[in-house]
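Protein chains: 2
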Amino acid sequence: MNLKQLSELLGLSQTTVSRALNGYPEVNEATRERVLRAVKETGYRPNKAAQRLATGKAGSIGLVMPTAPGHQSDVHFGEFLTGLGEEAVRHDFHFVIMPADPDDEVAALRRLAISGNVDALFVAYMRGHDPRLAMLKSLSMPFVVHGRSFGSEPDYPYLDIDNEGAFYDAARLLLQLGHTRFAMMNGPAHLDFAIRRRNGLIAALAERGLELPEDCTSQTVMTDEEGLIAMERFLQLPDRPTAILCSSTVLALGAIRAVNQAGLKLGEDISLIAHDDVLPLLKPENFSVPLTTTRSSLRAAGVRIAQRLIGTVKQAGPFPEQELWKTELIVRASTGPAP
Amino acid sequence: MNLKQLSELLGLSQTTVSRALNGYPEVNEATRERVLRAVKETGYRPNKAAQRLATGKAGSIGLVMPTAPGHQSDVHFGEFLTGLGEEAVRHDFHFVIMPADPDDEVAALRRLAISGNVDALFVAYMRGHDPRLAMLKSLSMPFVVHGRSFGSEPDYPYLDIDNEGAFYDAARLLLQLGHTRFAMMNGPAHLDFAIRRRNGLIAALAERGLELPEDCTSQTVMTDEEGLIAMERFLQLPDRPTAILCSSTVLALGAIRAVNQAGLKLGEDISLIAHDDVLPLLKPENFSVPLTTTRSSLRAAGVRIAQRLIGTVKQAGPFPEQELWKTELIVRASTGPAP
DNA sequence: AGGAAATCTCAAAGCGCTTTGACACGCCAA
DNA sequence: TTGGCGTGTCAAAGCGCTTTGAGATTTCCT
Numbered sequence: 014m015n016l017k018q019l020s021e022l023l024g025l026s027q028t029t030v031s032r033a034l035n036g037y038p039e040v041n042e043a044t045r046e047r048v049l050r051a052v053k054e055t056g057y058r059p060n061k062a063a064q065r066l067a068t069g070k071a072g073s074i075g076l077v078m079p080t081a082p083g084h085q086s087d088v089h090f091g092e093f094l095t096g097l098g099e100e101a102v103r104h105d106f107h108f109v110i111m112p113a114d115p116d117d118e119v120a121a122l123r124r125l126a127i128s129g130n131v132d133a134l135f136v137a138y139m140r141g142h143d144p145r146l147a148m149l150k151s152l153s154m155p156f157v158v159h160g161r162s163f164g165s166e167p168d169y170p171y172l173d174i175d176n177e178g179a180f181y182d183a184a185r186l187l188l189q190l191g192h193t194r195f196a197m198m199n200g201p202a203h204l205d206f207a208i209r210r211r212n213g214l215i216a217a218l219a220e221r222g223l224e225l226p227e228d229c230t231s232q233t234v235m236t237d238e239e240g241l242i243a244m245e246r247f248l249q250l251p252d253r254p255t256a257i258l259c260s261s262t263v264l265a266l267g268a269i270r271a272v273n274q275a276g277l278k279l280g281e282d283i284s285l286i287a288h289d290d291v292l293p294l295l296k297p298e299n300f301s302v303p304l305t306t307t308r309s310s311l312r313a314a315g316v317r318i319a320q321r322l323i324g325t326v327k328q329a330g331p332f333p334e335q336e337l338w339k340t341e342l343i344v345r346a347s348t349g350p351a352p
Numbered sequence: 014m015n016l017k018q019l020s021e022l023l024g025l026s027q028t029t030v031s032r033a034l035n036g037y038p039e040v041n042e043a044t045r046e047r048v049l050r051a052v053k054e055t056g057y058r059p060n061k062a063a064q065r066l067a068t069g070k071a072g073s074i075g076l077v078m079p080t081a082p083g084h085q086s087d088v089h090f091g092e093f094l095t096g097l098g099e100e101a102v103r104h105d106f107h108f109v110i111m112p113a114d115p116d117d118e119v120a121a122l123r124r125l126a127i128s129g130n131v132d133a134l135f136v137a138y139m140r141g142h143d144p145r146l147a148m149l150k151s152l153s154m155p156f157v158v159h160g161r162s163f164g165s166e167p168d169y170p171y172l173d174i175d176n177e178g179a180f181y182d183a184a185r186l187l188l189q190l191g192h193t194r195f196a197m198m199n200g201p202a203h204l205d206f207a208i209r210r211r212n213g214l215i216a217a218l219a220e221r222g223l224e225l226p227e228d229c230t231s232q233t234v235m236t237d238e239e240g241l242i243a244m245e246r247f248l249q250l251p252d253r254p255t256a257i258l259c260s261s262t263v264l265a266l267g268a269i270r271a272v273n274q275a276g277l278k279l280g281e282d283i284s285l286i287a288h289d290d291v292l293p294l295l296k297p298e299n300f301s302v303p304l305t306t307t308r309s310s311l312r313a314a315g316v317r318i319a320q321r322l323i324g325t326v327k328q329a330g331p332f333p334e335q336e337l338w339k340t341e342l343i344v345r346a347s348t349g350p351a352p
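Structure (structure tokens):
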């Protein structure tokens with residue numbers, strides 16, 4: 014069933030039916046009623062591809078999903094997607110997800126944009142000096158970045174959390190508790206949030222004339238295995254750290270396993286603060302020793318970014334171009350005075 | 014840059030350029046070379062919406078993502094998607110994801126199909142007597158179901174794991190170890206896998222003249238909280254169970270917390286077998302007491318389903334209509350002789 | 001050299017929709 | 001009667017691509 018058939022069925026022109034459907038004012042209310050009823054009865058749905066071709070819009074947000082054999086799926090990605098979806102469903106928007114090798118993201122993003130399949134783009138996993146930024150700006154398609162790109166002019170639309178502030182505050186808390194030997198379990202070194210969190214920690218330490226030793230820094234993929242390995246390394250250090258900052262509750266999971274295996278007590282021998290993206294699976298309050306965290310909901314960020322993206326496409330603006338969300342520092346039992 | 018412009022630039026007709034691009038034989042090799050070079054230089058990409066409109070195909074798989082405010086994101090969904098993506102990227106396919114309220118899935122699926130945005134559909138979270146099946150069959154669009162629908166004629170293309178066999182085998186192991194008091198922590202009762210796993214357990218018990226008491230069955234959303242709650246309930250039973258079957262490592266996470274809190278020893282006081290979807294975050298071997306599991310990789314299933322879906326769209330068939338994968342029973346330390 | 005076959009290219013139709021510009025109609029004021 | 005104004009409707013163009021059916025050119029065989 015297409016527009017033509019429907020209009021013939023009704024004895025109307027395609028124009029009139031199309032206008033009736035799209036809420037144009039110059040259609041008789043009675044006619045509109047009739048059209049709407051016929052749509053219900055026939056189950057007619059406009060062909061989105063045709064709609065897109067004609068209007069250039071079709072209610073879709075494009076995003077690139079990094080994937081490859083051996084590339085671990087990332088809980089953060091799913092959680093964020095859920096946030097996007099929660100908002101998108103309210104506006105009858107959908108997603109076009111282009112899977113791409115992590116090394117091919119710039120090209121994949123460009124393909125996605127030029128394909129004419131999407132109205133707006135969403136970009137995450139930002140790096141320092143991210144090459145996608147220049148490409149996006151040249152594209153004349155709305156986009157919002159989750160995170161920022163350290164080293165690039167911040168003249169693009171983004172939503173980020175205050176990573177530097179989060180880890181600065183976390184470090185201050187530990188300093189006040191008397192800790193002086195710090196270690197950091199971070200995400201991959203090239204990612205923006207990792208750079209900023211590290212800077213936050215270093216800034217707080219510097220105020221007390223302290224430094225973050227090289228061998229007390231681990232920058233890895235954020236899996237629990239890597240957390241375990243890093244923590245085991247830290248614990249074998251001659252002058253082992255007592256205060257750990259950890260970029261994810263996933264890393265913390267492994268780290269804590271290492272602490273337990275070493276027969277140490279979390280919150281006494283070792284204090285740990287992790288960043289909490291509010292993953293439903295990894296609630297800090299459910300850890301055997303509840304975790305002190307810096308918290309910011311990934312899902313909420315997804316909702317907000319979808320709002321901005323959809324709003325821009327629908328011209329329901331204006332939206333702030335840049336948003337920086339503060340994180341909350343929530344003290345639980347994994348932090349205590351330095352031993 | 015569109016086809017018209019490109020063809021003018023080259024001094025060729027649109028037909029010739031289109032044919033050169035799509036590998037038709039009636040184009041001079043030299044001409045094709047020239048076209049390909051121009052594409053490289055100009056960065057031309059065909060508009061997918063137009064391509065779809067003209068051909069009816071555009072290289073996309075559609076799926077519905079259940080979402081709603083308060084609806085927890087599901088790690089299983091992300092993991093499966095990664096599998097789909099891993100295969101899709103090899104064929105330059107993408108996904109169209111329609112977020113939808115869980116109560117609205119049938120309608121959402123229909124919208125997605127009729128929208129003309131997708132070439133094939135993928136469906137998961139199957140229920141007993143699933144109403145989507147009839148709709149899908151009436152659609153004349155390729156689809157593959159992950160799981161099955163208990164109570165419906167199995168005359169549709171699916172990939173499922175042998176849930177019944179998995180839990181039958183698991184129960185047999187525990188029976189051989191002398192356990193007689195069983196409990197089950199299952200997924201939502203209306204879901205197909207939950208029905209079959211329960212049947213598998215009941216069948217194994219029946220062979221020994223045993224039954225699964227009502228108060229030793231929990232059928233809930235599969236979160237760690239629910240796992241905790243269910244296990245706490247089991248432990249307070251006057252004749253408390255010693256053998257637990259658990260539909261997910263996520264549930265097991267909570268369950269084990271309850272066991273620990275009660276001061277009991279896993280693998281001694283309580284034996285537990287969980288089904289393991291091979292989530293990167295929840296490796297059974299990384300639990301403090303490594304978990305005995307029935308294993309089947311969700312991601313591998315995603316890859317396989319994408320293969321079948323894409324193969325069907327590309328007419329690169331034939332593919333088996335139905336596949337039933339055996340699970341592996343892997344014995345670790347969470348199972349031991351009945352106390 | 002002649003003609004058929006093979007090779008290459010083209011103009012135009014069509015995919016299903018939106019949107020423009022025009023037309024027909026009834027109504028009221030001049 | 002004429003003109004102007006809203007209201008409701010329509011035919012047709014256009015979005016960017018593929019594909020058909022036909023025309024032009026070259027190649028090959030007798």
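Chains as they are written, first to last, in this note's numbering: chain A, 14 to 352; chain B, 14 to 352.
We put the beta carbon where it would ideally sit given N, CA and C, even for glycine.
I want to see whether chain B comes within less than 8 Å of ILE127 of chain A, judged by CB atoms only; does it? Here the question's residue 127 of chain A lines up with position 114 in the first sequence. Interface residue, yes.
Range covered by the alpha helix (DSSP H) that runs through ASP237 of chain B: The sequence position of residue 237 of chain B within the second sequence is 224, counting from 1. Where ASP237 of chain B is concerned, the enclosing alpha helix (DSSP H) stretches over 237-248.
CA-to-CA distance, ILE110 of chain A to SER151 of chain A, given in whole angstroms: Indexing the first sequence from 1 puts residue 151 of chain A at position 138. Indexing the first sequence from 1 puts residue 110 of chain A at position 97. Computed Cα separation, rounded: 21 Å.
Which residues bound the alpha helix (DSSP H) around GLU92 of chain B? For the purposes of this step, residue 92 of chain B is taken as residue 79 along the second sequence, with counting starting at 1. Element bounds for GLU92 of chain B: 88-101.
Simplified DSSP state of ASP132 of chain A, which is helix, strand or coil: Taking the first residue of the first sequence as 1, we reach residue 132 of chain A at position 119. If DSSP states are grouped into helix, strand and coil, ASP132 of chain A belongs with coil.
Under 8 Å Cβ to Cβ from VAL344 of chain B, same chain only, skipping five residues before and after it: list those, please. As a position in the second sequence, residue 344 of chain B is number 331, starting the count at 1. So the qualifying residues of the chain are LEU186 and THR305.
Assuming contact is defined by CB atoms lying nearer than 8 Å, are GLY324 of chain A and THR95 of chain A in contact in what I supplied? Here residue 324 of chain A is taken as the residue at index 311 of the first sequence, counted from 1. Here residue 95 of chain A is taken as the residue at index 82 of the first sequence, counted from 1. No, these two residues do not count as a Cβ contact at 8 Å.
Out of B:ASN15, B:SER31, B:THR340 and B:ALA62, which one is the CA nearest neighbour of GLY213 of chain B? Position 200 of the second sequence, counted from the start, is the residue given in the question as residue 213 of chain B. Of B:ASN15, B:SER31, B:THR340 and B:ALA62, the residue nearest in Cα terms is B:THR340.
Would you say LYS17 of chain A faces chain B, with C-beta separation under 8 Å as the test? For the purposes of this step, residue 17 of chain A is taken as the residue at position 4 of the first sequence. No, its Cβ sits nowhere closer than 8 Å to a Cβ of chain B.
I'd like to know if ASP114 of chain B contacts chain A, where contact means its C-beta is closer than 8 Å to some C-beta of that chain. Here residue 114 of chain B refers to the residue found at position 101 of the second sequence. Cβ-Cβ to chain A under 8 Å: yes for ASP114 of chain B.
If you pair each beta-carbon of the segment 170-179 of chain A with each one of the segment 228-237 of chain A, do three or more pairs fall below 8 Å? no
So, do the segment 130-141 of chain A and the segment 64-75 of chain A have three or more beta carbon pairs nearer to each other than 8 Å? yes
Three-state secondary structure (DSSP) of SER284 of chain B: For the purposes of this step, residue 284 of chain B is taken as residue 271 along the second sequence, with counting starting at 1. If DSSP states are grouped into helix, strand and coil, SER284 of chain B belongs with the strands.
My guess is that ARG312 of chain B and VAL291 of chain B are in contact by the Cβ rule of under 8 Å, so how many angstroms apart are they, rounded? Numbered from its first residue, the second sequence carries residue 312 of chain B at position 299. Numbered from its first residue, the second sequence carries residue 291 of chain B at position 278. Between VAL291 of chain B and ARG312 of chain B the Cβ distance is about 7 Å, and since that is below 8 Å, they are a contact.
Per DSSP, which one or two residues make a beta bridge with ASN390 of chain B? The structure shown does not extend to residue 390 of chain B, since chain B is modelled only from 14 to 352, so the question has no answer here.
So within the segment 122-174 of chain A, which uninterrupted beta strand (DSSP E) runs reach at least 3 residues, ignoring any that extend past its ends? 133-136, 156-159 and 171-174
Would you tell me roughly how many angstroms separate the C-alpha atoms of ASP205 of chain B and GLU177 of chain B, rounded to the nearest one? Numbered from 1 along the second sequence, position 192 holds the residue referred to as residue 205 of chain B. Numbered from 1 along the second sequence, position 164 holds the residue referred to as residue 177 of chain B. Their Cα atoms are separated by approximately 10 Å.
Short-range partners of chain B found in the segment 96-122 of chain A, where Cβ spacing is below 7 Å: GLY98, GLU99, ALA101, VAL102, HIS107, PHE108, VAL109, ILE110, MET111, PRO112, ALA113 and ASP114
Segment limits, alpha helix (DSSP H) that includes GLN189 of chain B: Position 176 of the second sequence, counted from the first residue, corresponds to residue 189 of chain B. Looking at the DSSP string, the run of the alpha helix (DSSP H) that includes GLN189 of chain B is 176-189.
Taking only three categories from DSSP, how would you classify PRO79 of chain A? Position 66 of the first sequence, counted from the start, is the residue given in the question as residue 79 of chain A. Assignment of PRO79 of chain A by DSSP, reduced to helix, strand and coil, places it in the strand class.
Neighbour flag for GLN320 of chain A against chain B, beta carbons, 8 Å: Residue mapping note: residue 320 of chain A aligns to position 307 of the first sequence, counting from 1. Taking Cβ atoms only, chain B never reaches closer than 8 Å to GLN320 of chain A, which makes this a no.
Beta-carbon separation of TYR181 of chain A and ALA216 of chain A under 8 Å? The count along the first sequence starts at 1 and reaches residue 181 of chain A at position 168. The count along the first sequence starts at 1 and reaches residue 216 of chain A at position 203. Cβ distance < 8 Å, so TYR181 of chain A and ALA216 of chain A count as in contact.
To the nearest angstrom, report how far apart GLU257 of chain A and MET197 of chain A are at their CA atoms. If you number the first sequence from 1, residue 257 of chain A lands on position 244. If you number the first sequence from 1, residue 197 of chain A lands on position 184. For the record, residue 257 of chain A in the displayed sequence is Ile; it is not Glu. Rounded to the nearest angstrom, the two C-alpha atoms are 6 Å apart.
Please list the segments of the alpha helix (DSSP H) lying wholly inside the segment 252-325 of chain A, counting only runs of 4 or more residues, in order along the chain. 262-274
List, in chain order, every chain B residue whose beta-carbon is nearer than 7 Å to that of PHE156 of chain A. Counting from 1 along the first sequence, the entry for residue 156 of chain A is found at position 143. Here the premise fails: no neighbours, minimum Cβ distance about 17 Å.
Spell out whether any CB of chain B is found under 8 Å from the CB atom of ASP289 of chain A. Indexing the first sequence from 1 puts residue 289 of chain A at position 276. Taking Cβ atoms only, chain B never reaches closer than 8 Å to ASP289 of chain A, which makes this a no.
Whose C-beta lies closer than 8 Å to the C-beta of VAL234 of chain B among residues of the same chain, with five residues either side of it excluded? Within the second sequence, numbered from 1, the residue matching residue 234 of chain B stands at position 221. For VAL234 of chain B, where only same-chain residues beyond five positions count, the Cβ hits under 8 Å are GLN85, GLY200 and PRO201.
Grab the span of the beta strand (DSSP E) containing VAL4 of chain B for me, first residue to last. This structure leaves residue 4 of chain B out entirely; chain B is present only between 14 and 352.
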